[in-house]
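So the protein lines, in turn, are chains A and B. Counting from 1, one number per residue, gives the positions in the first sequence under the UniProt record's numbering. Counting from 1, one number per residue, gives the positions in the second sequence under the UniProt record's numbering.
Number of protein chains: 2
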Amino acid sequence: MATIKDIAQAAGVSLATVSRVINNGPKVGKDTRQRVKLIMEEMGYRPNANARALVTKRSASLGVVLAELHDPFFAMLAHGVETVTRKNNVQILLSAGSIEKETELRAIEILLEHRVEAMVVHSKALDDKTLIDFSKQVPGFVLINRFIPEIANRCVWLDNVTGGRLMAEHAINQGHKKLAVISSQYRIDDPNHRLEGIVNATEAAKLTLPESMIEYATPDQEGGELAMQNLLATGAEFTAVLAYNDAMASGAMTMLQDHGIAVPEQVSVMGYDDVLLAKYCRPKLTTLRYPIEMMAAKAAELALKYAAGAKPEEGLTFKYTPTIVKRDSVVRV
Amino acid sequence: MATIKDIAQAAGVSLATVSRVINNGPKVGKDTRQRVKLIMEEMGYRPNANARALVTKRSASLGVVLAELHDPFFAMLAHGVETVTRKNNVQILLSAGSIEKETELRAIEILLEHRVEAMVVHSKALDDKTLIDFSKQVPGFVLINRFIPEIANRCVWLDNVTGGRLMAEHAINQGHKKLAVISSQYRIDDPNHRLEGIVNATEAAKLTLPESMIEYATPDQEGGELAMQNLLATGAEFTAVLAYNDAMASGAMTMLQDHGIAVPEQVSVMGYDDVLLAKYCRPKLTTLRYPIEMMAAKAAELALKYAAGAKPEEGLTFKYTPTIVKRDSVVRV
DNA sequence: TTGTATGCGTTATCAT
DNA sequence: ATGATAACGCATACAA
């Protein structure tokens with residue numbers, strides 16, 4: 001592949017001049033610029049991003065750490081990031097961390113080795129201290145879906161406690177008194193927080209939510225089916241089910257319908273996330289909107305801004321609150 | 001950030017020695033190795049991938065060009081690639097090309113500038129010649145979802161003509177004689193090929209498929225709804241609908257149900273792709289399995305192999321054929 | 001306006 | 001086993 005040197009030689013000018021042409025530098029004759037450009041075209045010259053990054057110490061790239069790409073949720077996240085990187089002519093470097101400590105760590109390290117300027121990190125397995133340390137090394141370090149007080153101004157996150165509360169309140173407002181909960185079996189913050197919000201709301205409404213009305217399973221459709229199966233097996237009575245996410249809600253609905261229980265006529269179901277699926281499934285899912293795409297875009301902007309030298313404001317954080325999307329899976333009782 | 005030089009200084013050895021330690025070079029004393037490693041640890045040393053890429057001319061990265069990240073289909077594609085890059089300690093560089101000539105071109109160029117070793121490209125807007133040219137520049141250049149005879153051995157693609165035929169044949173075998181088709185309005189190869197297969201099958205079965213029974217819309221749920229609405233508005237009669245993809249099929253089902261037409265009792269519906277949605281929607285979609293994740297993994301492997309110097313075998317290509325997944329949206333009539 | 005020279009962080013070649 | 005040194009491709013301060 002042709003280098004700047006080859007171009008200089010072919011054009012009969014110096015390296016510096018070519019470099020200036022490439023970067024639209026100011027001090028270069030109009031005709032020389034023309035000629036050099038032509039030759040670059042002819043020789044199919046492409047600047048070497050690595051060499052450039054080495055000397056300028058700026059890589060024009062943003063690293064993204066996420067769990068699993070095939071999860072639609074992370075696809076939305078990635079897309080949110082992409083909208084802003086594209087606008088800024090910044091490249092995306094992807095690193096998957098599958099919610100395992102070692103992998104997440106390695107994912108971040110790899111991005112660091114590539115000297116990405118900014119970083120949007122979705123980490124659930126790493127501890128606060130590790131993340132705080134990284135944020136000190138990388139000016140453009142931003143966390144998504146996580147809140148760490150010490151670096152609050154680098155956190156773009158969803159208030160899941162409020163989310164849980166909103167879910168439960170909505171069900172309660174619709175007259176439901178016997179609630180069941182289908183949660184994720186992974187003991188990370190998100191399910192804990194959502195559950196906390198649900199419990200708060202039930203207590204405030206003087207309802208009881210016995211442990212037996214809470215089922216845990218994998219946070220996907222199969223998990224939702226399984227959890228509902230278990231719930232039904234215990235013979236428990238409930239008129240509304242609050243699921244950890246839309247996939248579990250969908251699974252739960254399927255299982256209910258398979259048992260001849262009409263949704264929402266006999267049992268109401270609520271999801272969380274508002275992914276595509278929520279609109280596609282029948283009945284359409286009443287759920288909580290998790291504006292992950294918007295949040296991811298925000299995180300990317302922030303990361304780029306910090307990377308460019310902006311100082312994170314003290315005492316600031318980027319908290320989003322989910323909102324209820326009323327569709328057809330919940331009815332008044 | 002500490003460099004190899006800093007480490008050398010701190011350890012009282014030369015650059016060369018440190019470099020050897022980093023790369024697990026052979027000729028270095030056991031104790032020196034220990035000491036250097038310790039110091040690297042202490043100083044938080046991280047090799048600079050850019051510098052390394054510059055001198056070794058190998059970037060340990062694979063570029064991916066795809067259309068839209070938030071499309072679950074591309075999320076699967078990305079995931080397929082990721083499974084093999086992870087295994088090979090190769091980094092993913094993402095570039096979105098939104099099915100526009102200019103953007104796709106720019107996406108590839110950017111990856112080229114980063115000197116990615118391998119490339120998995122999903123391009124629909126670029127012409128054959130351009131792609132062939134690129135493949136000559138980049139040894140590890142592989143196309144996914146596209147077939148170009150001149151570089152057949154770099155193409156991992158799905159036989160959409162056969163796919164279309166299988167769809168139609170399945171419907172016909174189930175006794176359906178009046179078919180309707182919902183296709184994509186984008187005049188790229190995929191819908192054309194699928195339609196071609198459908199037409200072939202209908203002709204072989206001595207059925208007619210008038211142009212009025214084919215509706216075109218955007219390849220998403222809204223498009224499916226719209227297309228079905230149009231179809232119903234014309235008063236056309238049909239007992240089976242073949243959709244361009246699962247999203248359109250889902251939209252079509254919704255619209256049918258909204259019009260009080262039972263699926264599959266009154267009208268059967270078939271999708272294409274077998275994305276998550278196909279299992280989630282009600283009735284579960286009978287569709288064609290498009291093993292995109294597997295294909296993407298194959299493409300990535302191939303790209304890496306070619307990048308490593310393996311010569312593309314002449315006359316070879318990587319064609320996949322979709323298979324029918326029978327679920328609940330099609331019945332015998 | 002143009003050219004020269006230096007250095008970015010690393011690997012690799014050649015000495016020692 | 002270890003060190004000195006020349007690249008790699010580019011940007012840039014300094015000269016001319």
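Glycine included, every Cβ here is placed at the ideal spot set by N, Cα and C. This one's a predicted model, so the numbers in the text were calculated from it and none came from an experiment.
Kindly indicate the opening and closing residues of the alpha helix (DSSP H) around residue i.
i	result
Leu54(B)	Ala49 to Thr56
residue 338(B)	One cannot answer for residue 338(B) here, as it falls past the ends of chain B, which runs 1 to 333.
Gly63(B)	Where Gly63(B) is concerned, there is no enclosing alpha helix (DSSP H), although the beta strand (DSSP E) it sits in stretches over Ser61 to Leu66.
Val18(A)	Leu15 to Ile22
Arg35(B)	Lys30 to Met43
Leu209(A)	Leu209(A) -> no alpha helix (DSSP H), and no H or E assigned at all.
Between residue i and chain B, is there a C-beta pair that is closer than 8 angstroms?
i	result
Ser250(A)	yes
Ser59(A)	yes
Glu82(A)	yes
Leu277(A)	yes
His193(A)	no
Met43(A)	no
Asn50(A)	yes
Glu102(A)	no
Pro72(A)	yes
Met76(A)	yes
Tyr280(A)	yes
Ala53(A)	yes
Leu69(A)	yes
Does residue i get closer than 8 angstroms to chain A when you measure Cβ to Cβ?
i	result
Ile92(B)	yes
Arg46(B)	yes
Pro149(B)	no
Leu209(B)	no
Lys10(B)	One point to set straight first is that residue 10(B) is Ala, not Lys, in the sequence displayed. No - not a single Cβ of chain A is within 8 angstroms of the one on Ala10(B).
Gln221(B)	yes
His114(B)	yes
Ala303(B)	no
Rounded to whole angstroms, how far is the Cβ of residue i from the Cβ of residue j, which I believe are closer than 8 angstroms?
i	j	result
Thr239(B)	His193(B)	No, Thr239(B) and His193(B) are not in contact; Cβ-Cβ is about 25 angstroms, not under 8 angstroms.
Ser250(B)	Val330(B)	The Cβ separation is near 14 angstroms, so there is no contact.
Thr317(B)	Asn145(B)	Contact flag wrong, Cβ pair sits at about 13 angstroms.
Tyr272(A)	Asn245(A)	5 angstroms
Ala60(B)	Val90(B)	5 angstroms
Ala303(A)	Val120(A)	5 angstroms
Ala75(B)	His70(A)	5 angstroms
Glu82(B)	Ile92(B)	6 angstroms
Does the separation of the CB atoms of residue i and residue j fall below 8 angstroms?
i	j	result
Leu111(B)	Gly63(B)	yes
Gly224(B)	Ala243(B)	yes
Val55(A)	Ser123(A)	no
Arg33(B)	Val18(B)	no
Ile214(B)	Val181(B)	yes
Val116(A)	Lys298(A)	no
residue 390(A)	Thr202(A)	The question about residue 390(A) has no answer here: the residues shown for chain A are numbered 1 through 333.
Glu217(A)	Ala204(A)	The sequence as given places Ala at residue 217(A); Glu does not occur at that position. Result no, Cβ atoms of Ala217(A) and Ala204(A) do not sit closer than 8 angstroms.
Tyr280(B)	Leu158(B)	no
Gly80(B)	Ile292(B)	yes
Met270(A)	Ala171(A)	yes
Which residue's Cα is closest to the Cα of residue i: the options?
i	options	result
Phe73(B)	Ala310(B), Met40(B), Met294(B) and Lys319(B)	Met294(B)
Ala53(B)	Tyr320(A), Ala168(A), Ser184(A) and His114(A)	His114(A)
Val36(A)	Val116(A), Tyr216(A), Val333(A) and Lys5(A)	Lys5(A)
Thr103(B)	Gln174(B), Leu143(B) and Leu126(B)	Leu126(B)
Asp189(B)	Asp128(B), Ala2(B) and Asp220(B)	Asp128(B)
Gly163(A)	Pro149(A), Phe141(A), Glu196(A) and Ile148(A)	Glu196(A)
Val13(B)	Gly29(B), Asn24(B), Met1(B) and Asn23(B)	Gly29(B)
Glu42(A)	Ala107(A), Asn50(A), Leu15(A) and Ile7(A)	Ile7(A)
Tyr306(B)	Phe141(B), Ala262(B), Ile198(B) and Glu150(B)	Phe141(B)
Arg165(B)	Asp328(B), Thr323(B), Ala2(B) and Val138(B)	Thr323(B)
Leu288(A)	Leu207(A), Ala278(A) and Arg282(A)	Ala278(A)
Arg327(B)	Leu77(B), Glu314(B), Val263(B) and Lys136(B)	Val263(B)
Val138(B)	Asp220(A), Arg46(A) and Ile198(A)	Arg46(A)
Leu321(A)	Ala10(A), Asn160(A), Glu211(A) and Leu232(A)	Here the sequence assigns Thr to residue 321(A), which means Leu is not the residue at that position. Comparing Cα positions, the closest option is Asn160(A).
Ile108(B)	Val84(B), Ser184(B), Asp133(B) and Gln257(B)	Asp133(B)
In terms of residues, what are the limits of the beta strand (DSSP E) holding residue i?
i	result
Ser123(B)	Premise fails: Ser123(B) is in no beta strand (DSSP E) and is neither H nor E.
Leu93(B)	Gln91 to Ala96
Thr317(A)	No beta strand (DSSP E) holds Thr317(A); DSSP gives it neither H nor E.
Tyr216(A)	Ile214 to Ala217
Ala243(B)	Ala240 to Ala243
Phe134(B)	It is not in any beta strand (DSSP E) - Phe134(B) instead sits in the alpha helix (DSSP H) that spans Asp128 to Gln137.
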